[in-house]
């Protein structure tokens with residue numbers, strides 16, 4: 028036997044309106060209206076040249092007022108472009124810890140053979156150097 032069809036539950040508009048009002052109140056509580064817009068200093072800016080066929084010369088116009096620079100924006104912009112070692116005293120992540128301290132632990136002494144290993148020419152390396160030069164010369168002649 029077939030099951031009887033469920034009856035459609037009528038919508039309760041009072042409850043639907045209460046849910047909508049609660050949702051709007053939550054959105055307005057966490058929403059912040061920004062009126063001061065600035066360029067993101069953490070995003071790299073690409074300066075483009077003016078149009079080649081333009082008759083307007085930006086630097087030579089006397090009618091144009093000088094641009095007003097915001098000191099706070101300039102400070103944020105400079106801070107964003109700094110190297111992490113200049114921004115922070117200590118590394119902020121474990122990945123930054125590698126290479127954070129770039130000063131050598133000991134001074135390099137070229138006369139100490141334990142730490143200084145210059146390239147040396149042996150008989151084999153001299154032979155191969157001459158062989159490679161001869162091969163390159165013969166290839167360039169052809």
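Residue numbers (this note's numbering): 28 to 169. For each residue, glycine too, the CB sits at the ideal point set by N, CA and C.
Can you tell which of the options has the C-alpha that lies nearest to the C-alpha of residue i?
{"i": "residue 108", "options": "70, 127, 45", "result": "70"}
{"i": "residue 144", "options": "136, 153, 114", "result": "136"}
{"i": "residue 126", "options": "133, 117, 49", "result": "117"}
{"i": "residue 113", "options": "151, 128, 99", "result": "128"}
{"i": "residue 103", "options": "159, 67, 154, 42", "result": "67"}
{"i": "residue 64", "options": "79, 100, 49", "result": "100"}
{"i": "residue 142", "options": "97, 44, 132, 158", "result": "132"}
Go ahead and pull the three-state DSSP assignment for residue i.
{"i": "residue 138", "result": "coil"}
{"i": "residue 44", "result": "helix"}
{"i": "residue 10", "result": "Residue numbering for the chain in the displayed model covers 28 to 169; residue 10 lies beyond these limits and cannot be assessed."}
{"i": "residue 116", "result": "coil"}
{"i": "residue 50", "result": "helix"}
{"i": "residue 145", "result": "coil"}
{"i": "residue 111", "result": "helix"}
Could you pull the start and end residues of the alpha helix (DSSP H) that residue i belongs to?
{"i": "residue 163", "result": "150 to 168"}
{"i": "residue 58", "result": "Note, residue 58: premise wrong, no alpha helix (DSSP H); not H, not E."}
{"i": "residue 173", "result": "The structure shown does not extend to residue 173, since the chain is modelled only from 28 through 169, so no value can be given for it."}
{"i": "residue 123", "result": "121 to 124"}
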